[in-house]
Structure formats: structure tokens, C-alpha cells
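S.K.: For the record, the sequence lines run as chains G and X.
Residue numbers for the first sequence follow our numbering, beginning at -15 and rising by one.
Residue numbers for the second sequence follow our numbering, beginning at 129 and rising by one.
Glycine included, every Cβ here is placed at the ideal spot set by N, Cα and C.
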Amino acid sequence: MGDHHHGPAKGLGRWLFTTNHKDIGTMYLWFSFAMFILGGFFAMVIRAELFQPGMQLVEPAFFNQMTTLHGLVMVFGAIMPSFVGLANWMIPMMIGAPDMALPRMNNWSFWILPPTFLLLASTLFMEGGAPAFGWTFYAPLSTTYAPPSVTYFIFSVHVLGLSSIMGSINIIATVMNMRAPGMTYMKMPLFVWTWLITAFLLVAVMPVLAGAVTMMLMDIHFGTSFFSAAGGGDPVLFQHVFWFFGHPEVYIIILPAFGVVSQIIPAFSRKPLFGYDSMVYATASIAFLSFIVWAHHMYTVGMPVAGELFFMYATMLIAVPTGVKVFNWISTMWRGSLSFETPMLFSIGFLVLFTIGGFTGLMLSIAPSDFQYHDSYFVVAHFHYVMVAGAVFSMTAAVYYWLPKWCGRMYNETMGKTHFWISFIGFNLTFFPQHFVGLAGMPRRIPDYSLQFADFNMMSSIGAFIYGASQILFLYNVIATIVSGKPTSEEKVWDGAEGLEWTIPTPAPYHTFETPPKIDPAHAHS
Amino acid sequence: MIRLSANPAIDTVIKLVTVAVAMFAFVFVVMVPLYNVLCDALGINGKTSGDVYTSVPAAVDESRLVTVQFVATNNEGMPWEFGPSTTAMKVHPGAVNDTVFYARNPLPKAMVAQAIPSVSPARAAEYFHKTECFCFNQQPLEGNSAADMPLQFIIDQDLPRDIGTITLSYTIFDVTDMAKGSIAVR
Chain G
-15 MGDHHHGPAK GLGRWLFTTN HKDIGTMYLW FSFAMFILGG FFAMVIRAEL FQPGMQLVEP
45 AFFNQMTTLH GLVMVFGAIM PSFVGLANWM IPMMIGAPDM ALPRMNNWSF WILPPTFLLL
105 ASTLFMEGGA PAFGWTFYAP LSTTYAPPSV TYFIFSVHVL GLSSIMGSIN IIATVMNMRA
165 PGMTYMKMPL FVWTWLITAF LLVAVMPVLA GAVTMMLMDI HFGTSFFSAA GGGDPVLFQH
225 VFWFFGHPEV YIIILPAFGV VSQIIPAFSR KPLFGYDSMV YATASIAFLS FIVWAHHMYT
285 VGMPVAGELF FMYATMLIAV PTGVKVFNWI STMWRGSLSF ETPMLFSIGF LVLFTIGGFT
345 GLMLSIAPSD FQYHDSYFVV AHFHYVMVAG AVFSMTAAVY YWLPKWCGRM YNETMGKTHF
405 WISFIGFNLT FFPQHFVGLA GMPRRIPDYS LQFADFNMMS SIGAFIYGAS QILFLYNVIA
465 TIVSGKPTSE EKVWDGAEGL EWTIPTPAPY HTFETPPKID PAHAHS
Chain X
129 MIRLSANPAI DTVIKLVTVA VAMFAFVFVV MVPLYNVLCD ALGINGKTSG DVYTSVPAAV
189 DESRLVTVQF VATNNEGMPW EFGPSTTAMK VHPGAVNDTV FYARNPLPKA MVAQAIPSVS
249 PARAAEYFHK TECFCFNQQP LEGNSAADMP LQFIIDQDLP RDIGTITLSY TIFDVTDMAK
309 GSIAVR
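(1) Below 8 Å between beta carbons: does that hold for Gln280(X) and Ala214(G)?
(2) Would you kindly check if the distance between the Cβ of Ala157(G) and the Cβ of Phe497(G) is under 8 Å?
(3) Of all Cβ atoms in chain X, is any one closer than 8 Å to the Cβ of Met200(G)?
(4) Whole angstroms are fine: how far does the CA of Ser454(G) sit from the CA of Gly447(G)?
(5) Taking buried to mean at least 16 other C-beta atoms within 10 Å of its own C-beta, is Thr195(X) buried or exposed?
(6) Interface residues of chain G around Met306(X) at Cβ under 9 Å?
(7) Strictly below 7 Å CB to CB, what residues from chain G border Pro136(X)?
(8) For Met84(G), is the classification buried or exposed, using 16 other Cβ atoms within 10 angstroms of its Cβ as the cut-off for buried?
(9) I believe Val376(G) touches Ile63(G) by the beta-carbon criterion, under 8 Å. Please report the beta-carbon distance rounded to the nearest angstrom.
(10) Kindly give me the distance between the Cβ atoms of Phe222(G) and Ala194(G), rounded to whole angstroms, as I take these residues to be in contact under 8 Å.
(11) Within 8 Å (strictly less), CB to CB, does Asn265(X) reach chain G?
(12) Kindly indicate which three-state DSSP category Asp479(G) falls into: helix, strand or coil?
(13) Taking Cβ positions only, does His224(G) come closer than 8 Å to chain X?
(14) Quick one: what does DSSP say Leu322(G) is sitting in, helix, strand or coil?
(15) With burial defined as no fewer than 16 other Cβ atoms inside 10 Å of the residue's Cβ, what is the status of Tyr283(G): buried or exposed?
(16) On the DSSP letters alone, give me the boundaries of the beta strand (DSSP E) that Arg232(X) sits inside.
(17) What residue from Leu322(G), Lys6(G), Phe17(G) and Phe420(G) has the CA that sits closest to Gly61(G)'s CA?
(18) Leaving aside the five residues before and after Gly222(X) along the sequence, list all residues of the same chain whose C-beta is less than 8 Å from its C-beta, in chain order.
(19) Which of the three DSSP states, helix, strand or coil, is assigned to Arg314(X)?
(20) Counting only beta-carbon separations shorter than 8 Å, does Ile75(G) have a partner in chain X?
(21) Between Phe109(G) and chain X, is there a C-beta pair that is closer than 8 Å?
(22) Determine the direct distance from the alpha carbon of Asn203(X) to that of Glu209(X), and round the result to whole angstroms.
(23) Taking Cβ positions, are Gly53(G) and Phe26(G) nearer each other than 8 Å?
(24) In whole angstroms, give me the CA-to-CA distance for Gly425(G) and Asp359(G).
(25) Please state whether the Cβ-Cβ distance between Ala32(G) and Ser434(G) is less than 8 Å.
(26) What residue range does the alpha helix (DSSP H) around Ser297(X) cover?
(27) With 8 Å as the threshold, decide whether the Cβ of Ala157(G) is near any Cβ in chain X.
(28) Does chain X have any CB closer than 8 Å to the CB of Pro131(G)?
(29) At least one CB of chain X closer than 8 Å to the CB of Ala194(G): is that the case?
(30) Any idea which residues DSSP pairs Gln267(X) with across the strands?
(31) Measure how close the beta-carbons of Val363(G) and Arg428(G) come, nearest whole angstrom, since I'm counting them as under 8 Å.
(32) Hey, out of Pro207(X), Arg251(X), Thr304(X) and Thr214(X), whose CA is closest to Leu69(X)'s CA?
(33) Using the beta-carbon count (16 or more within 10 Å), is Lys(-6)(G) buried or exposed?
(34) Taking C-beta to C-beta, are Val143(G) and Val192(G) nearer than 8 Å?
(35) Relative to the C-alpha of Pro491(G), which candidate in Lys401(G), Lys476(G) and Pro501(G) has its C-alpha closest?
(36) Quick one: which chain G residues come within Cβ less than 9 Å of Ile104(X)?
In C-alpha cells form, the structure reads like this:
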């Protein structure tokens, strides 16, 4: 027991065998950034091809592989692991726990990820090419007409599903069992709340995804006919199963982002979060509703009118709890002592752009309108406003916000703000015109387009290159901070920040809260 | 809450793993059968019931005629000549009607085909009863041979009066490779 306060082990073994939540969180964050760069590279190929009409750079088949891998890598490799990494770092520190509840499983759930994505990326070099059926891998495109590499894809999805389920079980077990005495559920920081609910969603729907790919595997290799009409199956069944997973999945991506901005906006408004309780209930409502709206992704597949109406009204209902959240964030800022450091800029950027994405989502929820918008660039614009300006902006905000606590050094504020403005302009230049070309009828996932879309597509491509380049600045800023940032030892790096993570020394020691902190019973949530 | 382990974290893990396993099973034992049952019961996707219709023939409704159109499609790569002998029939609800579809295998090798029906409008699917259909079974044909495949159907007397035309579409699939075992076909 004498050796209890040891620091990290030396060498590569530290990272391979670590059970420390901070080490694992760090690995998740770096891995997800690497995947963000990889997925971003695929996006650059797409935008380069679409820079001008006509076939310019790549073959259509390769273009399809790029759109597929871009989606898969960004959703499963970049966004989801980045928030799991953040959860690993922050949840124990926010609830006063010494580590995650299941540290060894935590190690495993990270380390099965890199080989999985290596396997997925290796399909690019296989005969027949990488999967080219879109990240939604609709049957029969992904079964009857799939390239041979589809089996590698199926295996990858199985393993990354396993990783997500293990990570979620760990988060739930931590939050339910390891809160410091006095840290009641309704005192937990909102980031912990949103992750707790997200983790339940993951445990419920990742197995459904596993089921969908298992059925594909059986159709391809074992002669079943789940999705093959010839054998009595139905390709439409695939869409139902996929979106039964897929819709909760989009909330899995966005709820932790909600949690992050719910931490940051109060800190830079120097006011407690407005409507904490309603935030918790709104999050839970969104999670519940996410299970009964899946068919709004497939209005055009041929459903009875009663079905279309049910899914339309249920989808519109989600705007209510989401609106509660947006108004709560705005009310938090109302008459606050605002300051606009980089994390706050990204949070406000999130708020504005996510709301735009929410509104276009509302437009898409209207079944008769959706028949016009379906599979057009309008849909692409919509989900990039919620995935990029929602999830990625909030993740970026989180890195700037907690980076000083993690490494005990301040990032370069000027560079951070520059990163924000270049990102903000680049992002909007990329995706705002896509609303227009989408409404005018440009279909998604097609490597060529009619001449009348040329100008907007060129703008989109230029914006994408700007947005992509701004991430290099981000990477440089983070590395420069870690290597040579201005040291800080203030516990509370931001004067308005609240929460247990700001009561421990800066930089955060390797082991924290080995004895549980005292929670002031009168103190409100943080 | 029932405690499954003295260690509260292990207790949580056991419960959550159970949930995950149950959700995986849910796909196969609930979602897939439920989808098929719902499509059958509600006629969604224009699926007609795969079972032979055996209800007692009631009175023929002489007061109206319903047009039944026949459409035949070959799935991609299916070389058979396949089509209805008549493209449309006018029938009374309740009456028993017979027609045949023509099929010819132009290749020198024996092949097995499976026809998959779909009824449009989908609302009419549950009123379209087949007492005999080549789609109930896989259809083998020797190389360079042809066959007439029978279809016997009854339009239900309860067919909503606003439906005047029903289109029955068949897509024919090459299932030679799958035909080793018998596959239950709906």
C-alpha cells in the first residue's frame, strides 16, 4: 500500500497497459483526432472532385468509397470516441471519483479501436475496393452488390460496437456507483447527466446495429434471405432496423455536445446554468423520443399515410425539448458578465449553427416536404450543421476549456480565436450553399452535377479547404500548448467555472479524489 | 432493485450486459418477425399473404367489376422470358378467376426461379386472395424449355368500393444457387 501514490509507468507500457482514466481519455482524444484528420482527408477528396462539374480527379467508384468511409470514420472514429475520451477524463473528476468503475475494461474498450479502424481503412487497398454503399449501408447495395471487403466492414462494425457498449457500461457503472457522498443525481454536472443518458442509448441500440450487420453477414455468406426478396426477405426491413439504431445514434452524438456547452456557457456568463432541472428532463425526453421517430429517415420508402403522420408528429415533438435547451442556454447568457474566450466562442458558434441545423431538421421532418428534400444536398447541409457545428464545435470548445486543466499550460488565445473564426467562416462557406443546391435538386453522393450548381459547389469546396486547414492550426495550438504553453497552476483556470474538476490542482495529478471530496449539501449543481 | 452481486459495480455490469444481449436478440426474435407480421396483416409494401386462401366462397358480387392488371419484371441478370398471358382482366369480387403466366428458360442449363408478388395500391393487398399461385413455390425449368404457370385468385367482396383497378406485379428472381434447400416463401 506504501506505493499507492505512484505516478504513471514509464515507456510504451504506460499506454498499452494503463488503467488510468486520464491516460485512457488522452488516448481516446488523440485517436479521435487522428480519425478526424483521416475522415477530413476523405472529405477533401470529395470536395476536390466536386470543385468543378464533370469528372475531374477520381473514378466514380472511388468517390463512392470516399463518401462511405468519410461518414463511417467521422461518426464512429472521430465524434463518438472523442466524447468517450472526454467522458473518461472528466466524469470521474466531476463526480469526485478516483477512476472509472471498470478500469481494465476501459483499457480494452480503447485498445480494440485502433486495429478496427486500421482494418476498415485497409479495405481501400483490397481487390474490389473499400465499401462504397454509403455510411448507411442499405441492403441490397451492401449485400448482393457489395464488394468483397464488406466482410471486413461487418467485422469492424461488430468490434467498434463492442467497444462502445463496453465504454457505455463503464460510464453508467461509474456514475451510478462512484459518486462522492452528497453528489446526488440532481447535483451532477450536466455533462455527466447527458453522458449517462447517452450511455443508456448506446447500450440499447449498438446491439441493434450489431444485429443489422449480422443479418447482412448471414445473407452474404450463410444463405439466409433477411434482405433478399428472392428468398422471401425484404430490403426495406434493413432500413427499419438500421434507422432504429441510426436515429438514437444521432442523439448519442449530440447529447454529450449539449453537456459540454452546458458546462462552458455558464462559466463564461458567470451565472449558474438557467433551468438545470428542465435541462435534465429535456435530455431524457429527447432520448425517449429518439426511439419512436426512426422512419422519418425513410418517408419515401412507401409507408402507409398513418405511419408517415405518426413519425412526422413524433419527430416534430422533439423540437420542444430541444427548444427548451436552446432557450435555457440563451437565458443563461442573458444579463451575464460575458467574456468571449475561445471555448465560449465555439459554444456560441455551436448554439447559433446547431439551431440552424435544428430548423432545417424541422423542415425535413415534414413528410410531404421531405419527398422534395430526400437524398438531396439539403440533407447533407442539415446533418453537417448538427454533426460538425454541433458535435465537432462543442468538442473543440471542450478541448480549449479543459486543456489548461489537463496539462497545466494555457493555450494561445489569439491562435484559438483565429481558429474559431476561420472554422466558423470555412464551415458556413462549405455548408450554407449546400442548402441552396439541395433545394434546387442536386442529389447527394453523386460525383458529378449539372452546370447550374457549379458556383455554389466551388464555394463549398473552397470553404471545405479553409475549414480543413483551420484544423491544422488547432493541432498546432494544442501541441504548442502541451510543449511550451504558458504554465498555470491556478486551480480554477477560468474565473467563472464551477465544478469539482476546478478544485483539484492544475495540472490535474495522475490520481485524483482518492479520498472523496466533501460536497456542500447547500451547494447547487455545478 | 434486485442485487445480482455484492459488488455494486458488478451488479450494474451484469444488468447492462443483459440489456445489451436482450437488444441483440430483440432484432431477430421481435423486429424481423414483427415486420413480416405487420406487412402481412396491413398489406404494407403491397405484400400479399403467402398462404393459400381457403375461406368458403361467398356470393359473387355481380354489381361491380374490378380491373386486375398484371405486370411482370425480371430482376437484374435474370434471363428468362416471363410475362402474363393477358395483361388485364375484368373480374367480379367473390368470383374465382384463372390466368397463366408464361415462362421460358432460354439458357441451355436447368434453372430455378422464384416470383415475388406485390399488389398496388397497397390498400388492396389484403383483399387479394390467391388460391393457387406459381409464386407459392420455386419454379424449376430445364434448359431451353417453357412452361405456363397457373394463378387462381379471388377478389374479396369487402374490397373498398373506391378501388376500381388493382395491379398485381411479379418480379422473377434467379434462385438456382439458393434452391438447394427449400425456402419458405411468402
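M.R.: Working from what's here:
(1) When the beta-carbon positions are compared, Gln280(X) and Ala214(G) stay at least 8 Å from each other.
(2) Not in contact: Phe497(G) and Ala157(G) (Cβ atoms no closer than 8 Å).
(3) no
(4) Their backbone Cα atoms lie some 11 Å apart in a straight line.
(5) exposed
(6) Gly207, Ser209, Ser212, Ala214 and Gly215
(7) Asn161
(8) Burial call: buried.
(9) 7 Å
(10) Phe222(G) to Ala194(G), Cβ: 14 Å. No contact.
(11) no
(12) coil
(13) Interface residue, yes.
(14) coil
(15) buried
(16) Val224 to Asn233
(17) Phe17(G)
(18) Pro185, Ala186, Ala187, Val188, Asp189, Ile282, Ile283, Asp284 and Gln285
(19) For Arg314(X), the predicted structure reports a pLDDT of 37, less than 50, and the residue's modelled location is therefore unreliable. The matter cannot be settled from this model.
(20) Ile75(G) does not count as touching chain X.
(21) no
(22) 11 Å
(23) Inspection of the sequence shows that residue 53(G) is occupied by Leu rather than by Gly. Yes, the Cβ-Cβ distance between Leu53(G) and Phe26(G) is below 8 Å.
(24) Whole-angstrom Cα-Cα distance: 9 Å.
(25) no
(26) Counting along the chain, Ser297(X) falls outside any alpha helix (DSSP H), though it belongs to the beta strand (DSSP E) covering Thr293 to Asp302.
(27) yes
(28) no
(29) Residue-level contact check: Ala194(G) touches chain X, since one or more beta carbons of chain X fall below 8 Å from its beta carbon.
(30) Ala241(X)
(31) 6 Å
(32) No statement about residue 69(X) is possible, as the shown extent of chain X runs from 129 to 314 and does not include it.
(33) exposed
(34) no
(35) Lys476(G)
(36) Because chain X here runs from 129 to 314, residue 104(X) falls outside it and cannot be looked at.
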